[in-house]
DNA sequence: AATGAATGAGGTTTCATTCAT
DNA sequence: GATGAATGAAACCTCATTCAT
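Chains as they are written, first to last, in my numbering: chain R, 1 to 210; chain A, 211 to 420; chain S, 421 to 630; chain Z, 631 to 840.
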């Protein structure tokens, strides 16, 4: 019986395992943000996390998988957080502004994570070519849902496709964020950008006769 | 004979040199679009262009420089072409629609070039980190100029920063284009997307009381 | 309780230790025969034996030592078994045939062990380069002894060196066995091969005028 | 036209290419014989051949392919050489002795090659598991042919299978050779061993009443 | 005794770039 | 100018072994 138990990670070891995994992930975020995914060696991540190179592979199948995990887990957190902020709001225009503000504040607060997501993730062939971005779709669909809500309330134009708009808004925010991340001294604040983009989209989506 | 002529840069050899350079560039576009920049070897480009590997280096300093040249020259052409389309138009909203439609039709017509620009360019560390995108800024500034024109004509809102808007519009178009390129069967046409994005931005930028 | 007993090496724990060692060895034979020594990981052997990786090292110094132990113990068994079969025989030619038949039937009956011995053992650098094959010499010398017996009885040629003959016979049997093991569908039976080889060696060693 | 010609290796470059390939192969034989295939690094071979590491891969697809090439080319040479020695002989027993003597003298003269073939080749998983030993079969079949010749001449026993005998003889010779290679101070000469093995096989195969 | 998480050394191969011809 | 053979740097991952529990 003791033998069987030992084959299943115990409660304590499961927690400790998750902790170490997160520890490595955080180290990877710092390293990738600093030097870029391609220029970072697995041994750099290991050193930053104070573990041996091989230990990385007890928690991740490959270097690429580390990057994907950063993405997946950051997106999962963002989805949860933004949903919480949107829940109490009933006005779709208000929701649109909140989403944009949330996205940009997230980028600002978690600059390293944002840097990895926006810049490094795109450098990974694996990601761009093979990964099915379920989580990204889910995040994008929040915007789609807002638009559909506005349309069903009769306050947003019916002649736009939510699938197009959600990606357009994301592209707009994303491009600004990338610029802000890449340019050491940006000439405009993220908060201001979020506000203006939300304004333009809100005004542009509002039903003319409403 | 050609060899002798080449000793002195003459009108003919200069032209021939430019031709060969263009020939290599076009080969590179095909190769990069087919297999991706990272997976393409310089020798693949050489083979496609029917020249020796070393010959590439008589025309380009490095593999990265090939990619940058593709970008620079495509942008230069685009700038010239879109300026020609915008010149006869005086209405900034009309210009906005024209710009968006132009961008997307360009992507559609030159799929290989677009693929390289949108996807592969981002995979190049050199570009994202070290390249100063003068030509891109110039292209973007066309949008900025349209917005400033609209503001000076009093038909566009004064409370938006053209620098932010130009990048937002570009990001929106770019994200849609990338999606279209990456997804074998896109669920919406580029023309329709361009139209909707232009509509939303136009409506969103129009002065409320105008 | 078992734990307490184990603190003092007792007759029971010594037996239990030997049992576990044998258990691991048998697991290793299966694993090595299945996937090859080099491709097998120590953790594969551990899993097959239902013990932890580290436990292996309580019984064996290294992965190589497992292989050597398989060899040593298999040879010891073979020596004992063949000696028992040879003991009642007085005719050296009869002994020769018995030895060959024994060797091949052993290969046939213990295919996994044979596979490991014949194929995998040779893949181990350690073995071929550093190991002193005492047990193998002992096994080989059984043949040498048979030849010397025949010579002393005056029925076998004196102009052959038993040291050469013993190795030649072993090589002949071994090569056939390896072929049989490596080739899924062998074109001849091991028993028939043993018989023919023994026949040729017997006839070849018989004193012409005897 | 000059361009087309350049795509085909010229007579001169083809020769030079073959020379360099052979040069690398000879370096590899020395290195592998000295330290063993597994312990030898590709860079060791490169250093011995005075070329860059990458150059190796212009001539061989992989490290394994180097080993296979050594084998294939050595076997091809041996087949040709032994056939030449056997051609003038009509007595199958004489042929048998010549074959054995040839094999052993070959081992003695090309000790490094023999060492690689006998010992190192067997250490290569690729070879033992995936390679179809056509050349080896061809070499072995020379013995088979000799036996069949003896049988058709009515001087060799009909009750033995040439397929078994050819492999048995090879195994006998091979085992002695391996021993001689592995043991710094062998207790018997290769020439003497060849002679005795040939004698035993010849006598053993001779038709009793002939 | 048993566990299994952690360690860290080790090497093949690719391919951008050079340069002698 | 053109060639293409040669160069050589660079890093991911595996897995035998250890040792704290």
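Beta carbons are placed, not taken as given, at the ideal position from N, Cα and C, and that holds for glycine. All values reported here derive from a predicted model rather than from experimental measurement.
Cβ neighbours of residue 382(A) within its own chain (closer than 7 Å, five residues either side excluded): 407.
By the neighbour-count criterion, in which a residue is buried when 16 or more other Cβ atoms sit within 10 angstroms of its Cβ, residue 208(R) is exposed. A distance below 7 Å between beta-carbons, with the five flanking residues on each side excluded, links residue 155(R) to the following residues of its chain, in chain order: 92, 206, 207 and 210.
Against chain Z, the beta carbon of residue 514(S) has no neighbour under 7 Å; the closest one sits roughly 16 Å away. Close to residue 403(A), with beta-carbon spacing below 9 Å, are these residues of chain R in chain order: 161, 164, 167 and 168. Taking 8 Å as the CB threshold, residue 830(Z) lines the interface with chain S.
Assignment of residue 671(Z) by DSSP, reduced to helix, strand and coil, places it in the coil class. Rounded to the nearest angstrom, the gap between the Cα atoms of residue 729(Z) and residue 589(S) is 18 Å. The beta carbons of residue 563(S) and residue 586(S) sit closer together than 8 Å. Looking at the backbone, the Cα of residue 832(Z) and that of residue 698(Z) are separated by about 33 Å. A direct Cα-Cα distance of roughly 30 Å separates residue 252(A) from residue 315(A). DSSP, reduced to helix, strand and coil, places residue 206(R) within a strand of the structure shown. In this structure, residue 384(A) lies near residue 328(A), with their beta-carbon atoms less than 8 Å apart. Here the C-alpha atom of residue 233(A) lies approximately 43 Å from the C-alpha atom of residue 658(Z). Apart from sequence neighbours up to five positions away, the residues of its chain that approach residue 733(Z) with a beta-carbon distance below 6 Å are 803, ordered along the chain. Neighbours of residue 834(Z) in chain S, taken as residues at a C-beta separation under 8 Å, are given in chain order as 619, 620, 621, 622, 623, 624 and 625.
Residue 781(Z) does not reach chain S, its nearest Cβ partner there being about 13 Å away, counting only Cβ pairs nearer than 9 Å. Within the DSSP secondary-structure output, residue 786(Z) pairs in a beta bridge with 836(Z). Residue contact check for residue 179(R) against chain A: a CB pair falls below 8 Å. With fewer than 16 other CB atoms across the displayed protein chains lying within 10 angstroms of its CB, residue 138(R) is exposed.
Looking only at 692(Z), 703(Z), 766(Z) and 656(Z), the smallest Cα-Cα distance to residue 680(Z) is reached by 656(Z). Secondary structure note for residue 95(R): its alpha helix (DSSP H) is the uninterrupted segment 92 to 109. Judged by beta-carbon spacing, residue 230(A) lies within the 8 Å limit of residue 269(A), meaning their Cβ atoms are closer than that value. Judged by DSSP in its simplified three-state form, residue 50(R) adopts coil rather than helix or strand.
Against chain S, a Cβ distance below 7 Å from residue 801(Z) picks out 591, 592, 594, 595 and 596. A distance of 8 Å or more separates the beta carbons of residue 707(Z) and residue 765(Z).
In this structure, DSSP gives residue 482(S) a state outside helix and strand, which the three-state scheme calls coil.
Residues of chain R with a Cβ closer than 9 Å to the Cβ of residue 398(A) are, in chain order, 161, 163 and 164.
By the C-beta density criterion, residue 750(Z) is buried, having at least 16 other C-beta atoms within 10 angstroms. The DSSP-derived three-state label of residue 87(R) is coil. Between the alpha carbons of residue 789(Z) and residue 806(Z) lies a gap of roughly 27 Å.
When the five nearest sequence neighbours on each side are left out, the beta carbons in the same chain lying within less than 8 Å of the beta carbon of residue 711(Z) are those of 732 and 736, in order along the chain.
By the Cβ neighbour-count rule, residue 683(Z) is exposed, with fewer than 16 other Cβ atoms within 10 Å of its own.
Sorting 250(A), 297(A), 358(A) and 227(A) by C-alpha distance to the C-alpha of residue 265(A) places 227(A) at the top. Our two residues, residue 410(A) and residue 191(R), have alpha carbons roughly 21 Å apart in a direct line.
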